[in-house]
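Chains as they are written, first to last, in my numbering: chain A, 10 to 259; chain B, 7 to 368.
Using N, Cα and C, we set each Cβ at its ideal position, and we do this for glycine too.
Here's the structure we're looking at; comments come further down.
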């Protein structure tokens, strides 16, 4: 049982025009096995929340805390956060030319587990995880994210999640750019990992579409850099009908 | 002006276009007639496969096959009495690389000439590996007979204050293919001129390069492809990384398509990765086209900083920053290195780069 606890989180981004506050006091607790949907209009700070927790250097934490099972996440380097059990599935996964998927996965798993996986079991493990996501085995010889379609990038993110076995995963607009088939495959993957590994999930999305596949336990409406309303799955239905207009006060 | 012009050897001053990037004070006299150069063939062949002969011949009997305006090359040609001759017999199919190694351990200015003749329809790979610390100038010529296929790999794994100036010139006949890999990962001053000319249609050259410069090193590669006959092809792809405040690289890519060279197909590419502030990469592609009747001609050059988003992505998967940097840099060079098909050399080069990256940052 793990708990990610975010308390009073304020985050600013430093640009050429100076420092701009984006998150204005976020409070959120995610336990193992729970799915929390974070829904909100574009520009509300949803991705900032995701990247701040993962430790992207662009964002500076001005106040508040993030802990995983009571341990200060904000004091950790980016790789330490991953080793502690956090995973961020990115909206725009980065291309790393010349580094094969298989080399990347093995390096990451070795770093997370603290020892290199046994070759024989590892090959089978990757094969099985790839086939569950309907990925062609030839995929593992390609360079990381280079020339991947939108769907391939997202499947590759979920593949990593499956192999790295995090405690808490943040899925940042994993549904964007996916057609119906890809959305189903990716969602099934998320549900499988959740079930098998008792994963806690922060599911960031703009649309309710993915919630038909991944059932949320909690829905949080995000606007203006904070959570403005919370509820159960029924809140998503309300958003589906009314949109975000009532939350945008500018 | 007039005084100097009457001499047939002009000492470069650094103002000439071909010398403007080169720090002449590092040449240790290689360019300066006031310094004596020593005629010495220090290349040692490993096993010589069947179908190949390696001999030392009188320079007079094996005159240069090409002209060179480079002053250091001219000094080499005037100064050597012997030539190392590599002959690959007609139709020879040689799977194992022909390896020649040189390790210089003194700073006595040394010059040498090498001629490689690839026989009709022969297939071979020649590796010339340079290491140690010395002052050295060489003139290598490759003469490719029709239908031959020659791969040339040269490694500059110099240490410390090594100075190395070289010209690698390939003369490529009809339907012959020349592929070169110029790999430079060390040296105080390295200046290499990989040059190519064609004598018949269907001739092709793939020129690859990899360089990695650390603090205080000047690594310069000046490619010149001379399309003087119809129907020849060239591809140039050089990739470099620089790490250290005074790391310096120069890449020049001169491609000339003369009026007679209809049907030419050429593309050249240079990419540089700056890993630290203060490093400087000069990249000058230069394409001159005298006929419109060609298949294609293009060039691209990019010089960029290390991508922090790549670093973040890898680290967010638990990979520590040092290892993430190493992966990205290995990945950057993989395009060149993976083509070598010589795993031992590949690993040696990449682990040297790894070590130097670690040394600079610790």
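Chain B contact residues for residue i, given Cβ-Cβ distances below 7 Å
i, result
"residue 87 of chain A", "318, 321, 322"
N- and C-terminal bounds of the alpha helix (DSSP H) containing residue i
i, result
"residue 113 of chain A", "110-122"
"residue 321 of chain B", "314-321"
"residue 346 of chain B", "327-346"
"residue 91 of chain A", "87-93"
"residue 2 of chain A", "This structure cannot settle anything about residue 2 of chain A, because the visible part of chain A is limited to 10 through 259."
"residue 72 of chain B", "Looking at the DSSP string, residue 72 of chain B is not in any alpha helix (DSSP H), and its letter there is neither H nor E."
"residue 244 of chain A", "242-251"
"residue 172 of chain A", "159-173"
"residue 128 of chain A", "128-141"
"residue 205 of chain B", "Element bounds for residue 205 of chain B: n/a, residue is neither H nor E."
"residue 56 of chain A", "55-63"
Proximal chain B residues relative to residue i, where beta-carbon distance stays under 9 Å
i, result
"residue 22 of chain A", "Here the premise fails: no neighbours, minimum Cβ distance about 15 Å."
"residue 91 of chain A", "321, 322, 323, 324, 325"
Residues that residue i contacts on chain B, provided the C-beta gap is smaller than 8 Å
i, result
"residue 97 of chain A", "322"
"residue 215 of chain A", "Simply none; closest approach about 22 Å."
Residue i: contacting residues in chain A (beta-carbon distance under 8 Å)
i, result
"residue 336 of chain B", "107, 108"
"residue 329 of chain B", "116, 120"
"residue 333 of chain B", "105, 108, 112, 113, 116"
Closer than 7 Å at the beta carbon, the chain A residues around residue i
i, result
"residue 340 of chain B", "107"
"residue 326 of chain B", "88, 120"
"residue 315 of chain B", "103"
Interface residues of chain A facing residue i [CB-CB closer than 9 Å]
i, result
"residue 357 of chain B", "Chain A residues near residue 357 of chain B: none, gap ~15 Å exceeds 9 Å."
"residue 347 of chain B", "Within 9 Å Cβ-Cβ: nothing; residue 347 of chain B doesn't reach chain A, min ~16 Å."
For residue i, the residue or residues it bridges with in DSSP
i, result
"residue 215 of chain B", "B/188, B/244"
"residue 111 of chain B", "In DSSP, residue 111 of chain B forms no bridge with anything."
"residue 200 of chain B", "B/174"
"residue 15 of chain A", "A/37, A/75"
"residue 102 of chain A", "Partner(s): none; residue 102 of chain A has no beta bridge."
"residue 141 of chain B", "B/169"
"residue 257 of chain B", "B/227, B/289"
"residue 235 of chain A", "A/232"
"residue 154 of chain A", "Residue 154 of chain A pairs with nothing; no bridge assigned."
"residue 129 of chain B", "B/99, B/155"
"residue 64 of chain B", "B/88"
"residue 136 of chain B", "B/108, B/162"
"residue 148 of chain B", "B/122, B/176"
"residue 31 of chain B", "Residue 31 of chain B pairs with nothing; no bridge assigned."
"residue 59 of chain B", "B/93"
Delimiting residues of the beta strand (DSSP E) encompassing residue i
i, result
"residue 123 of chain B", "116-124"
"residue 162 of chain B", "155-164"
"residue 277 of chain B", "271-280"
"residue 227 of chain A", "227-232"
"residue 211 of chain A", "209-214"
"residue 34 of chain A", "27-40"
"residue 91 of chain B", "88-94"
"residue 5 of chain A", "Chain A is shown only over 10 to 259; residue 5 of chain A falls outside these bounds and no answer can be derived."
"residue 303 of chain B", "302-311"
"residue 177 of chain A", "177-181"
For the stretch 202-209 of chain A against the stretch 175-183 of chain A, do three or more pairs of beta-carbon atoms, one drawn from each stretch, fall closer than 8 Å, so that the two count as touching? yes
The stretch 247-255 of chain A contacting the stretch 155-174 of chain B, beta-carbon criterion three pairs below 8 Å: no
Contact list for the stretch 109-133 of chain A against chain B, Cβ threshold 7 Å: 116, 117, 120, 121
Under 8 Å, CB to CB, which of the residues in the stretch 163-193 of chain A have a partner in chain B? 169, 173
Can you confirm whether the stretch 192-206 of chain A touches the stretch 29-38 of chain A when touching is taken to mean that 3 or more C-beta pairs between the two stretches lie within less than 8 Å? no
What are the residues of the stretch 27-50 of chain A that lie near chain B, defined by any Cβ-Cβ distance shorter than 8 Å? none
Segment contact, 8 Å Cβ cut-off, at least three pairs: the stretch 280-299 of chain B with the stretch 55-67 of chain A: no
Does the stretch 126-141 of chain B come close enough to the stretch 88-107 of chain B that 3 or more CB-CB pairs lie under 8 Å? yes
Residues from the stretch 53-77 of chain A in contact with chain B, defined by Cβ distance under 8 Å: 63, 64, 65, 66
Is there contact between the stretch 235-245 of chain A and the stretch 75-85 of chain A, where contact requires at least three CB pairs shorter than 8 Å? no
Does the stretch 338-347 of chain B come close enough to the stretch 206-226 of chain B that 3 or more CB-CB pairs lie under 8 Å? yes
Assess contact between the stretch 29-47 of chain B and the stretch 83-99 of chain A, defined as three or more Cβ pairs (one per stretch) separated by less than 8 Å. Is contact present? no
The stretch 109-119 of chain A in contact with the stretch 320-331 of chain B per 3-pair CB rule at 8 Å: yes
Count the C-beta pairs between the stretch 200-207 of chain B and the stretch 358-366 of chain B that are closer than 8 Å, then say yes if the count reaches three, no if not. no
Within 8 Å, do at least three Cβ pairs link the stretch 276-285 of chain B to the stretch 301-310 of chain B? yes
Assess, as a yes-or-no matter, whether the stretch 172-185 of chain B is touched by the stretch 145-163 of chain B under the definition of 3 or more beta carbon pairs within less than 8 Å. yes
Three or more C-beta pairs below 8 Å linking the stretch 126-134 of chain A and the stretch 352-362 of chain B: no
Touching or not, the stretch 219-227 of chain B and the stretch 256-264 of chain B, by the rule of three or more beta carbon pairs under 8 Å? yes
Does the stretch 34-51 of chain A come within contact of the stretch 228-240 of chain A, defined as at least 3 CB pairs closer than 8 Å? yes
At least 3 beta-carbon pairs within less than 8 Å: the stretch 106-118 of chain B vs the stretch 82-91 of chain B: yes
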